[in-house]
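Protein chains: 2
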Amino acid sequence: MTAPFRYDVVEMSTEEIEAEREVFGGLAQSIRELAEASLRTTIDPEAADQVRHEIEALTERLRAAQIPGSFGVQLTSGGTVRGHGNAVVGLRNPVAVPLEIERTGDGRARSEFVLNALYEGPPTMVHGGVIALVLDQVFGEAAADGGTPGMTGTLTLRYRKNTPLGKCSAEAWIDRREGVKTFVRGVMRDADGETTVEAEGVFILPRWAREALQRHESAPPRFE
Amino acid sequence: MTAPFRYDVVEMSTEEIEAEREVFGGLAQSIRELAEASLRTTIDPEAADQVRHEIEALTERLRAAQIPGSFGVQLTSGGTVRGHGNAVVGLRNPVAVPLEIERTGDGRARSEFVLNALYEGPPTMVHGGVIALVLDQVFGEAAADGGTPGMTGTLTLRYRKNTPLGKCSAEAWIDRREGVKTFVRGVMRDADGETTVEAEGVFILPRWAREALQRHESAPPRFE
Numbered sequence: 041m042t043a044p045f046r047y048d049v050v051e052m053s054t055e056e057i058e059a060e061r062e063v064f065g066g067l068a069q070s071i072r073e074l075a076e077a078s079l080r081t082t083i084d085p086e087a088a089d090q091v092r093h094e095i096e097a098l099t100e101r102l103r104a105a106q107i108p109g110s111f112g113v114q115l116t117s118g119g120t121v122r123g124h125g126n127a128v129v130g131l132r133n134p135v136a137v138p139l140e141i142e143r144t145g146d147g148r149a150r151s152e153f154v155l156n157a158l159y160e161g162p163p164t165m166v167h168g169g170v171i172a173l174v175l176d177q178v179f180g181e182a183a184a185d186g187g188t189p190g191m192t193g194t195l196t197l198r199y200r201k202n203t204p205l206g207k208c209s210a211e212a213w214i215d216r217r218e219g220v221k222t223f224v225r226g227v228m229r230d231a232d233g234e235t236t237v238e239a240e241g242v243f244i245l246p247r248w249a250r251e252a253l254q255r256h257e258s259a260p261p262r263f264e
Numbered sequence: 041m042t043a044p045f046r047y048d049v050v051e052m053s054t055e056e057i058e059a060e061r062e063v064f065g066g067l068a069q070s071i072r073e074l075a076e077a078s079l080r081t082t083i084d085p086e087a088a089d090q091v092r093h094e095i096e097a098l099t100e101r102l103r104a105a106q107i108p109g110s111f112g113v114q115l116t117s118g119g120t121v122r123g124h125g126n127a128v129v130g131l132r133n134p135v136a137v138p139l140e141i142e143r144t145g146d147g148r149a150r151s152e153f154v155l156n157a158l159y160e161g162p163p164t165m166v167h168g169g170v171i172a173l174v175l176d177q178v179f180g181e182a183a184a185d186g187g188t189p190g191m192t193g194t195l196t197l198r199y200r201k202n203t204p205l206g207k208c209s210a211e212a213w214i215d216r217r218e219g220v221k222t223f224v225r226g227v228m229r230d231a232d233g234e235t236t237v238e239a240e241g242v243f244i245l246p247r248w249a250r251e252a253l254q255r256h257e258s259a260p261p262r263f264e
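Just so you know, the protein sequences line up as chains H and L, in that order.
To convert, take the position in the first sequence, counting from 1, and add 40; that gives this note's numbering.
To convert, take the position in the second sequence, counting from 1, and add 40; that gives this note's numbering.
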């Protein structure tokens, strides 16, 4: 938490962002479906090897032109955040579920989503670590939604019961603030709406970010 | 934690498991590389759309024959656990890194791995939730390695500093036991070996599992 992140500013219109979502978001979605199909397939080994070779050829075509490092987070000229690479919500990230997180504007965030076979831990159940992954993101967005964005300082999870694969939901809200710390509470729920995991997190805005915000007298960036 | 999981027993020889790793593990790895390439590609939208259509056709070929639900966890006739679908260590799961976890036999587990652009949160940094995901798995394996396997009861993470994308490692060890609870401590480290996150977890073997183990007078299953 000592080095500031680089948020590049990209000049993209609303139409350009929408087109990116459609084409490259669609590409990521097709890979999510391919991943799930590969986990569950029982086709014979020769056929699987043939599919693998064709996948390797497609990877080469995608690598014909690419950004040098990780996707990062860009601020558009309109001031919205383009976090399409994020491991939980990134539309362009095939590993991301991706979660669509609804923010209420008063320090609360929630999301409904489906966790399929790719997110399994114990048989037919969501991996406990996947629940932590999802809640960390939803908690961070609740803190940001309340006007006090921050990095995760601590996260404590209490697993009450298993969460079956399938439809799930997560919700988080700001419980209280103490100085630079924002305390967030929240839950994971199963398809029946029963709470399976309770959690609390502390989010802290690093000093460099507080100073940068004061210097620019700017509001925290909006997430699109 | 009330309903027992079903661990199917599969009749597979060591050679058959090795062949599955080679072919279907290789298929999963090719999809991991495709996913990373798709996140970073800057090819033009028409070319991306063409790749997407070819991916969709490959998905159809994989779906020609598949298991009905999630991958689950099987016990081989030799008594080893085949958890190839697991979201963190599953060789057949394209979402899994996958981690190779070394167990010492005395309640300690560790792993070295690379987290690429697919696991990003803040720009150039590992997503905090991905760290929780990885540690949950390594912690559970430390508990099992010490002869007291269990489900995650609680998990508490303290984020000391950011973890840059790239080479990372995780280590966990049994701190103490109290009745059915196994207390595990551990850390995440960056490429320089510096600790970035400290964590503690409590793992609990559910009553039905304790009873089943006593009934069968069997040792906990070995992970292959």
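Cβ coordinates follow ideal geometry from the N, Cα and C atoms, glycine included.
For this session: Report buried or exposed for L:Val-129, applying the criterion of at least 16 other Cβ atoms within 10 angstroms of its Cβ.
Result: Numbered from its first residue, the second sequence carries residue 129 of chain L at position 89. Answer is buried; the Cβ neighbour count reaches 16.
For this session: Kindly say whether H:Gly-145, judged by its beta-carbon, lies nearer than 9 Å to any beta-carbon of chain L.
Result: Within the first sequence, the letter at position 105 stands for residue 145 of chain H. No, no contact with chain L.
Problem set entry | Contact under 9 Å by Cβ, H:Asp-238 with H:Leu-197 | Taking the first residue of the first sequence as position 1, residue 238 of chain H is located at position 198. Taking the first residue of the first sequence as position 1, residue 197 of chain H is located at position 157. The sequence shown places Glu at residue 238 of chain H, not Asp. In this structure, H:Leu-197 lies closer than 9 Å to H:Glu-238 by Cβ.
For this session: Could you please give me the residues that DSSP links to L:Thr-192 through a beta bridge?
Result: As a first step, residue 192 of chain L is located in the second sequence; it is residue number 152 there, counting from the start. Bridge partners of L:Thr-192: L:Phe-243.
Exercise. Using the beta-carbon count (16 or more within 10 Å), is L:Ile-107 buried or exposed?
Worked result: Reading the second sequence from its first residue, position 67 is the one you call residue 107 of chain L. Classification for L:Ile-107: exposed.
Problem set entry | Residues that L:Glu-60 bridges to, as DSSP identifies them | Position 20 of the second sequence holds residue 60 of chain L. L:Glu-60 pairs with nothing; no bridge assigned.
Problem set entry | With 16 other Cβ atoms within 10 Å as the buried cut-off, status of H:Thr-193 | What you label residue 193 of chain H is simply residue 153 of the first sequence in a count that begins at 1. Inspection of the sequence shows that residue 193 of chain H is occupied by Gly rather than by Thr. Answer is buried; the Cβ neighbour count reaches 16.
For this session: Write down the C-beta distance between L:Ser-117 and L:Ser-209 rounded to the nearest angstrom, noting that I regard them as a contact closer than 8 Å.
Result: Counting from 1 along the second sequence, the entry for residue 117 of chain L is found at position 77. Counting from 1 along the second sequence, the entry for residue 209 of chain L is found at position 169. Contact flag wrong, Cβ pair sits at about 34 Å.
Problem set entry | Residues that H:Gln-114 bridges to, as DSSP identifies them | Residue numbering aside, residue 114 of chain H sits at position 74 when the first sequence is read from its first letter. Its beta-bridge partners are H:Asp-48 and H:Arg-122.
For this session: Using a Cβ cut-off of 9 Å, pull out every chain L residue sitting near H:Gly-193, in sequence order please.
Result: Within the first sequence, residue 193 of chain H is the residue found at index 153, counting from 1. Neighbours of H:Gly-193 on chain L, chain order: Arg-198 and Tyr-199.
Exercise. Just checking, does the segment 63-78 of chain H make contact with the segment 64-82 of chain L on the three C-beta pairs under 8 Å criterion?
Worked result: yes
For this session: Identify, in the order they occur along the chain, each residue of the same chain with its Cβ nearer than 6 Å to the Cβ of H:Thr-99, setting aside the five sequence neighbours on each side.
Result: Stepping through the first sequence from its first residue, residue 99 of chain H is reached at position 59. Taken in chain order, the list of residues that qualify is empty.
For this session: Note the first and the last residue of the continuous beta strand (DSSP E) segment covering L:Val-154.
Result: Position 114 of the second sequence, counted from the first residue, corresponds to residue 154 of chain L. That run of the beta strand (DSSP E) goes 148-155.
Exercise. Can you name the residues of chain H whose CB is closer than 8 Å to the CB of L:Val-170?
Worked result: As a working mapping, residue 170 of chain L is identified with position 130 in the second sequence. The contacting residues are Ala-127 and Leu-173.
Exercise. Which residues in the same chain have their Cβ closer than 6 Å to the Cβ of H:Phe-111, if we skip the five residues on either side of it in sequence?
Worked result: If you number the first sequence from 1, residue 111 of chain H lands on position 71. Here the set comprises Gly-125.
For this session: Consult DSSP for L:Arg-255 and reduce its assignment to one of helix, strand or coil.
Result: Walking along the second sequence from the start, residue 255 of chain L turns up at place 215. Correct three-state label for L:Arg-255: helix.
For this session: Report the residues of the segment 71-99 of chain H with a CB closer than 8 Å to any CB of chain L, ordered along the chain.
Result: Ile-71, Glu-73, Leu-74, Ala-75, Ala-77, Ser-78, Leu-79, Arg-80, Thr-81, Thr-82, Ile-83, Pro-85, Ala-87, Ala-88, Asp-89, Val-91, Arg-92, Glu-94, Ile-95, Glu-96, Leu-98 and Thr-99
For this session: Pull up the distance between the alpha-carbon of L:Ala-43 and that of L:Ala-249, whole angstroms please.
Result: The sequence position of residue 43 of chain L within the second sequence is 3, counting from 1. The sequence position of residue 249 of chain L within the second sequence is 209, counting from 1. At L:Ala-43 the pLDDT is 44, less than 50, meaning the model places this residue with poor confidence; the figure from the coordinates comes in the next sentence. Spanning the two alpha carbons is a distance of roughly 10 Å.
Problem set entry | Residue span of the alpha helix (DSSP H) that contains L:Gly-66, given as start and end | Indexing the second sequence from 1 puts residue 66 of chain L at position 26. Per DSSP, L:Gly-66 belongs to the alpha helix (DSSP H) from 66-80.
For this session: Name the residue from H:Phe-153, H:Arg-132 and H:Gly-145 whose alpha carbon lies nearest to the alpha carbon of H:Leu-139.
Result: Counted from its first residue, the first sequence places residue 139 of chain H at position 99. The option with the nearest alpha carbon to H:Leu-139 is H:Phe-153.
For this session: My understanding is that L:Met-228 touches L:Thr-222, with C-beta atoms under 8 Å, so please give their C-beta distance in whole angstroms.
Result: Indexing the second sequence from 1 puts residue 228 of chain L at position 188. Indexing the second sequence from 1 puts residue 222 of chain L at position 182. Contact flag wrong, Cβ pair sits at about 20 Å.
Exercise. What residue does the alpha helix (DSSP H) around L:Val-174 start on, and which one ends it?
Worked result: To locate residue 174 of chain L, count along the second sequence from 1; it is residue 134. It spans 168-185 - the alpha helix (DSSP H) in which L:Val-174 sits, taken as one unbroken run.
Exercise. So is H:Arg-148 buried or exposed if we call it buried at 16+ other beta carbons inside 10 Å?
Worked result: Position 108 of the first sequence, counted from the first residue, corresponds to residue 148 of chain H. By the 10 Å Cβ count, H:Arg-148 comes out buried.
Exercise. Considering only residues of the same chain and omitting the five flanking positions on each side of L:Arg-217, which have a CB-CB separation below 6 Å?
Worked result: Translated into positions along the second sequence, residue 217 of chain L becomes position 177. Around L:Arg-217: no qualifying Cβ.
Problem set entry | Rounded separation between L:Arg-143 and H:Thr-188 - CA only | The count along the second sequence starts at 1 and reaches residue 143 of chain L at position 103. The count along the first sequence starts at 1 and reaches residue 188 of chain H at position 148. Roughly 41 Å between the two C-alpha positions.
Exercise. Cα separation between L:Gln-254 and L:Gly-226?
Worked result: Counting from 1 along the second sequence, the entry for residue 254 of chain L is found at position 214. Counting from 1 along the second sequence, the entry for residue 226 of chain L is found at position 186. L:Gln-254 and L:Gly-226: Cα-Cα distance of roughly 30 Å.
For this session: Measure the C-alpha to C-alpha separation of H:Val-49 and L:Asp-84 and round it to an integer number of angstroms.
Result: On the first sequence, position 9 is the one that residue 49 of chain H refers to. On the second sequence, position 44 is the one that residue 84 of chain L refers to. If you take the alpha carbons of H:Val-49 and L:Asp-84, they lie about 21 Å apart.
For this session: Buried or exposed for L:Glu-86, please, with buried defined as at least 16 other CB atoms from any protein chain shown within 10 angstroms of its CB.
Result: Counted from its first residue, the second sequence places residue 86 of chain L at position 46. Exposed: under 16 other Cβ atoms inside 10 Å.
Problem set entry | CB contact below 9 Å: L:Arg-225 versus chain H | The residue you call residue 225 of chain L lines up with position 185 of the second sequence. No, its Cβ sits nowhere closer than 9 Å to a Cβ of chain H.
For this session: Express the C-alpha separation of H:Gly-241 and H:Gly-123 in angstroms, rounding to a whole number.
Result: What you label residue 123 of chain H is simply residue 83 of the first sequence in a count that begins at 1. What you label residue 241 of chain H is simply residue 201 of the first sequence in a count that begins at 1. Going by the C-alpha atoms only, they are around 22 Å apart.
For this session: Apply the 10 Å Cβ neighbour rule to H:His-167 and answer buried if 16 or more other Cβ atoms are within range, or exposed otherwise.
Result: On the first sequence, position 127 is the one that residue 167 of chain H refers to. Flag for H:His-167 reads buried.
Problem set entry | Chain-order list of residues whose beta-carbon lies under 7 Å from that of L:Gly-190 (same chain, five-residue window excluded) | Within the second sequence, numbered from 1, the residue matching residue 190 of chain L stands at position 150. Same-chain partners within the cutoff: Ala-183, Thr-222, Phe-243, Ile-244 and Leu-245.
Problem set entry | Per DSSP, cross-strand counterpart(s) of L:Gln-106 | Within the second sequence, numbered from 1, the residue matching residue 106 of chain L stands at position 66. Bridge partners of L:Gln-106: H:Thr-81.
For this session: Mark L:Ala-230 as exposed unless 16 or more other C-beta atoms lie within 10 angstroms of its C-beta, in which case mark it buried.
Result: Here residue 230 of chain L refers to the residue found at position 190 of the second sequence. One point to set straight first is that residue 230 of chain L is Asp, not Ala, in the sequence displayed. By the 10 Å Cβ count, L:Asp-230 comes out buried.
Problem set entry | Chain-order list of residues whose beta-carbon lies under 6 Å from that of L:Asp-215 (same chain, five-residue window excluded) | Numbered from 1 along the second sequence, position 175 holds the residue referred to as residue 215 of chain L. Correct list, in chain order: Phe-223 and Arg-225.
For this session: Figure out for me which residue from H:Val-137, H:Val-121, H:Arg-247 and H:Gly-109 has the closest Cα to the Cα of H:Ser-53.
Result: Reading the first sequence from its first residue, position 13 is the one you call residue 53 of chain H. Cα-wise, what sits closest to H:Ser-53 is H:Val-121.
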